[in-house]
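To start, the structure under review is shown below, and the notes come after it.
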Amino acid sequence: MGNLYYPHLMQPLDLGFTTLKNRVMMGSMHVGLEDRLWHFNEMAAYFAERARGGVALIVTGGFSPNRAGDLLPFGSKLVSRWQIPFHKKVTTAVHEAESKILLQILHAGRYGYTPFNVAPSAIKAPINRFKPRELSSKGIYKTIDDYVRCARLARKAGYDGVEIMGSEGYFICQMLNTRTNHRTDEWGGTYEKRMRFPIEVVRRIRESVGSDFIIMFRISMLDLVEDGSTIEEVIELAQALEQSGVTLLNTGIGWHEARVPTIATSVPRAAFAEVTARVKSAVGIPVVASNRINMPDVGEDIISSGAADMISMARPFLADPEWVNKAAEGRTDEINTCIACNQACLDNVFANKRASCLVNPRAAHETRLLYTPVLKARNIAVVGAGPAGLSCATVAAQRGHKVTLFEASGEIGGQFNYACKIPGKEEFWETIRYYLKQIELHDIDLRLNTKVTAEMLRTSGFDDVVIASGVAPRIPKIPGIDHPKVVTYQEVLSNTIKPGSKVAVMGAGGIGFDMCEYLTHENTSPTLDKEIWMREWGVDGSNETRGGLVPADVLPSPRKIYMLQRKTSRFGQGLNKTSGWVHRAVVKMKGVETIGGVSYDKIDDQGLHITITAGTQSEAVNERRVLDVDHIVLCTGQVSVNVLYKELEQDDSKTCQLHLVGGAERAGELDAERAIRLASELAAAL
Ligand code: FAD
Ligand code: NAP
Ligand code: SF4
Numbered sequence: 003m004g005n006l007y008y009p010h011l012m013q014p015l016d017l018g019f020t021t022l023k024n025r026v027m028m029g030s031m032h033v034g035l036e037d038r039l040w041h042f043n044e045m046a047a048y049f050a051e052r053a054r055g056g057v058a059l060i061v062t063g064g065f066s067p068n069r070a071g072d073l074l075p076f077g078s079k080l081v082s083r084w085q086i087p088f089h090k091k092v093t094t095a096v097h098e099a100e101s102k103i104l105l106q107i108l109h110a111g112r113y114g115y116t117p118f119n120v121a122p123s124a125i126k127a128p129i130n131r132f133k134p135r136e137l138s139s140k141g142i143y144k145t146i147d148d149y150v151r152c153a154r155l156a157r158k159a160g161y162d163g164v165e166i167m168g169s170e171g172y173f174i175c176q177m178l179n180t181r182t183n184h185r186t187d188e189w190g191g192t193y194e195k196r197m198r199f200p201i202e203v204v205r206r207i208r209e210s211v212g213s214d215f216i217i218m219f220r221i222s223m224l225d226l227v228e229d230g231s232t233i234e235e236v237i238e239l240a241q242a243l244e245q246s247g248v249t250l251l252n253t254g255i256g257w258h259e260a261r262v263p264t265i266a267t268s269v270p271r272a273a274f275a276e277v278t279a280r281v282k283s284a285v286g287i288p289v290v291a292s293n294r295i296n297m298p299d300v301g302e303d304i305i306s307s308g309a310a311d312m313i314s315m316a317r318p319f320l321a322d323p324e325w326v327n328k329a330a331e332g333r334t335d336e337i338n339t340c341i342a343c344n345q346a347c348l349d350n351v352f353a354n355k356r357a358s359c360l361v362n363p364r365a366a367h368e369t370r371l372l373y374t375p376v377l378k379a380r381n382i383a384v385v386g387a388g389p390a391g392l393s394c395a396t397v398a399a400q401r402g403h404k405v406t407l408f409e410a411s412g413e414i415g416g417q418f419n420y421a422c423k424i425p426g427k428e429e430f431w432e433t434i435r436y437y438l439k440q441i442e443l444h445d446i447d448l449r450l451n452t453k454v455t456a457e458m459l460r461t462s463g464f465d466d467v468v469i470a471s472g473v474a475p476r477i478p479k480i481p482g483i484d485h486p487k488v489v490t491y492q493e494v495l496s497n498t499i500k501p502g503s504k505v506a507v508m509g510a511g512g513i514g515f516d517m518c519e520y521l522t523h524e525n526t527s528p529t530l531d532k533e534i535w536m537r538e539w540g541v542d543g544s545n546e547t548r549g550g551l552v553p554a555d556v557l558p559s560p561r562k563i564y565m566l567q568r569k570t571s572r573f574g575q576g577l578n579k580t581s582g583w584v585h586r587a588v589v590k591m592k593g594v595e596t597i598g599g600v601s602y603d604k605i606d607d608q609g610l611h612i613t614i615t616a617g618t619q620s621e622a623v624n625e626r627r628v629l630d631v632d633h634i635v636l637c638t639g640q641v642s643v644n645v646l647y648k649e650l651e652q653d654d655s656k657t658c659q660l661h662l663v664g665g666a667e668r669a670g671e672l673d674a675e676r677a678i679r680l681a682s683e684l685a686a687a688l
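Taking this note's numbering, the leading residue of the sequence shown gets 3, the next gets one more, and so forth.
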């Protein structure tokens with residue numbers, strides 16, 4: 003009998019010479035453990051935890067077949083026999099947990115962030131400062147040999163197969179497209195010639211490794227760049243790859259230099275499944291769908307509708323290693339859902355730091371952050387049910403402590419509840435749902451509508467009191483700040499007031515940008531309407547047009563918005579590396595007027611009076627303006643709410659251990675990632 007909850011997703015997949023136990027794959031993601039061999043024990047623990055969680059197939063982060071293909075200087079590569087014992091630790095750990103694992107072979111080409119990078123033609127990538135050297139024809143043959151060597155080494159190291167990275171704009175994409183391939187020899191010109199490289203790579207690997215080794219090819223189904231491939235070319239390539247010995251075709255969407263978001267939280271779930279379905283209907287081998295799949299019902303729909311044979315998720319396995327087991331057992335509401343924020347995973351990787359996960363700080367730190375069961379339960383009070391209080395309470399309770407969680411308002415979530423209200427951040431609700439379920443599972447005594455005072459705690463007999471009372475909006479000192487036109491982001495997002503048709507957003511941090519998203523969308527969220535989203539970003543989801551791009555058609559903003567900051571630097575400079583550009587693009591496309599170098603003079607019935615300073619310090623030009631607006635929304639940062647802590651700290655008669663965490667401890671540079679991470683670490687140590 004099939005699985006009761008997700009019968010299609012949990013069905014085995016027969017590949018002829020081997021069988022995958024279900025249709026869920028952990029896709030490749032570089033987490034920063036791949037580059038140094040002394041991290042391979044940790045990498046083994048990281049993958050083994052996911053394998054024990056039930057996933058059928060795992061793909062490692064990218065390993066280059068040679069030095070020229072490095073993503074970073076001294077980046078991960080598999081080039082020599084002496085590396086095999088290190089990889090064996092990983093493959094053995096995964097096999098012991100009854101899963102299968104592929105090594106991804108990734109040649110970065112012109113995306114290699116090194117001065118030694120190479121490409122089909124010497125054309126610099128817009129996202130890389132290093133211009134590549136053009137590979138000679140001999141160099142291309144040598145590169146094919148290197149791919150083959152890498153696959154053979156992978157086989158010796160115990161991998162069940164390899165994934166050949168042929169998407170996201172890396173070397174193989176660069177070979178395939180006229181955007182990056184201007185060659186006139188046997189590797190350039192017609193599509194047939196441009197296609198020769200990946201076909202040769204697959205043919206030669208298959209010849210070398212035999213028939214009982216998985217070769218998965220990640221094909222770029224939608225390039226989302228000018229002069230990218232058409233659907234006809236993608237299908238021609240897919241069919242040729244099938245003929246050459248590929249076992250499985252995986253989906254890649256968008257080159258890294260594309261100006262369309264493909265994995266950000268504002269991308270609709272399973273947005274690109276349509277193009278995968280087109281390719282699947284043209285080949286006989288199994289096809290894998292990817293991008294913005296994070297919950298089992300989405301995966302089940304994709305497989306049951308015949309759009310793909312398997313789903314691939316990478317970040318959702320950082321968020322919850324047990325995703326598959328929970329889905330298979332009908333415990334979907336226990337899944338810690340990846341909210342596609344990129345804050346602790348990709349943003350860390352781009353900052354050359356080890357990846358982790360905002361909602362699961364243990365990710366890629368499995369051997370360092372341990373939630374061990376306690377020998378003696380303590381009686382713990384946690385004050386505040388924002389992200390910090392929630393993570394502290396749930397981790398402590400999971401370890402066996404007795405936890406009481408106090409929350410002044412009528413719901414859990416704290417400031418995170420406001421994030422959920424932003425169009426494009428609907429995924430954030432999943433985190434609140436996850437914590438609600440954890441509270442129930444671990445018998446946490448949740449006391450809503452209970453504002454804790456020092457007096458209440460003094461006589462309560464708790465062993466530990468954790469103050470996680472969070473933050474409140476900062477109210478700047480500006481003449482007229484008490485004027486009725488002035489409102490906080492909290493008042494707007496809690497629907498206490500409805501902003502008028504002309505609004506000034508004061509402050510251009512994360513919350514200022516989020517406020518602009520909120521105010522430029524009236525009762526709509528393109529994230530929940532795939533058609534609108536595709537139109538606004540100019541995407542042809544079926545890839546009928548070259549590169550899958552069409553002219554963007556943006557819905558106008560329902561109101562005139564100004565966004566202001568005192569700094570003269572670029573707007574949104576402090577936003578997250580991998581998703582900040584998406585917020586900046588939305589603000590621009592919705593016509594928000596950004597004004598920097600501002601000082602706030604006063605607020606009165608006329609509106610917001612500002613002075614804009616332009617030019618250099620010695621030749622500054624001051625321009626006075628009155629912004630005739632209905633409302634001024636304060637997004638001017640936050641301050642800690644820590645009165646309770648200070649009172650308790652000074653109380654010498656207290657018998658409990660006192661702890662302070664999250665925004666209550668430090669409001670500057672606070673985000674949910676820091677709040678959850680530090681609170682989890684605290685709970686692990688209690
Ligand atoms: P809070 O969230 O402030 O929670 C504190 C809780 O304590 C509150 O529920 C409060 O009611 C309660 N409390 C206070 N005093 C008492 C008391 N005496 N007794 C009982 N309860 C009490 N962060 C990100 O990382 N990524 C994002 O994309 C993101 N987007 C955001 C968008 C918006 C619009 C906003 C407003 C914030 C966003 N944040 C984001 C920031 C994130 O929500 C905060 O950093 C995080 O909520 C701080 O967590 P905390 O638990 O420290 O504090
Ligand atoms: P923030 O990023 O610190 O921005 C505060 C803004 O207010 C700045 O633009 C600042 O710009 C302005 N400001 C500060 N003090 C002011 C004053 N006294 N008078 C007038 N303007 C003042 O904080 P935030 O936007 O409140 O965000 C809070 C946290 O939530 C941040 O750490 C952020 O990372 C997180 N968050 C993250 C996301 C995300 O997508 N990852 C989204 C939302 C929030 P000037 O000083 O130049 O005027
Ligand atoms: Fe997903 Fe955000 Fe965690 Fe990355 S940090 S895995 S995007 S929830």
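Here a beta-carbon is modelled for each residue, glycine too, at the ideal position from N, C-alpha and C.
Quick one: Cα of residue i to Cα of residue j, how far?
i    : j    : result
A669 : V467 : 20 Å
K126 : I477 : 47 Å
A342 : A365 : 15 Å
E429 : M312 : 23 Å
G648 : A622 : Reading off the sequence, residue 648 comes out as Lys, not Gly. Distance between the alpha carbons of K648 and A622 is about 44 Å.
F464 : I614 : 54 Å
E234 : L104 : 29 Å
V96  : K102 : 7 Å
V494 : I237 : 49 Å
E546 : N43  : 46 Å
D531 : V300 : 15 Å
T334 : N362 : 17 Å
P270 : A470 : 33 Å
E667 : R548 : 52 Å
T374 : A685 : 10 Å
L371 : N24  : 30 Å
V643 : W539 : 40 Å
S210 : R154 : 7 Å
L636 : P475 : 8 Å
E244 : L17  : 13 Å
Rounded to whole angstroms, how far is the Cβ of residue i from the Cβ of residue j, which I believe are closer than 8 Å?
i    : j    : result
G254 : S306 : Between S306 and G254 the Cβ distance is about 23 Å, and since that is not below 8 Å, they are no contact.
L392 : Y420 : No, L392 and Y420 are not in contact; Cβ-Cβ is about 15 Å, not under 8 Å.
Y149 : I207 : 6 Å
G426 : P389 : No, G426 and P389 are not in contact; Cβ-Cβ is about 19 Å, not under 8 Å.
T433 : T339 : 7 Å
S123 : T62  : Actually they are not in contact, since the Cβ atoms of S123 and T62 sit about 29 Å apart, beyond 8 Å.
Does DSSP classify residue i as helix, strand or coil?
i    : result
G114 : coil
L688 : coil
N419 : helix
G63  : strand
L15  : strand
M31  : coil
G576 : coil
Q106 : strand
Does the beta-carbon distance from residue i to residue j come in below 8 Å?
i    : j    : result
I446 : A383 : no
D1   : P501 : Limits of the chain in this structure are 3 at one end and 688 at the other, which puts residue 1 out of reach.
C175 : P67  : no
L108 : L80  : no
A291 : A316 : no
Y491 : I424 : no
Since residue i sits in a beta bridge, which residues does DSSP pair it with?
i    : result
A2   : Since the first residue of the chain shown is 3 and the last is 688, residue 2 is not available in this structure.
I382 : V405, D466
R220 : M167, N252
S642 : V473
T596 : M565
L662 : I469
Taking CB distances under 8 Å as the criterion, tell me whether residue i reaches chain D.
i    : result
Q652 : The structure shown has no chain D; it contains just one protein chain.
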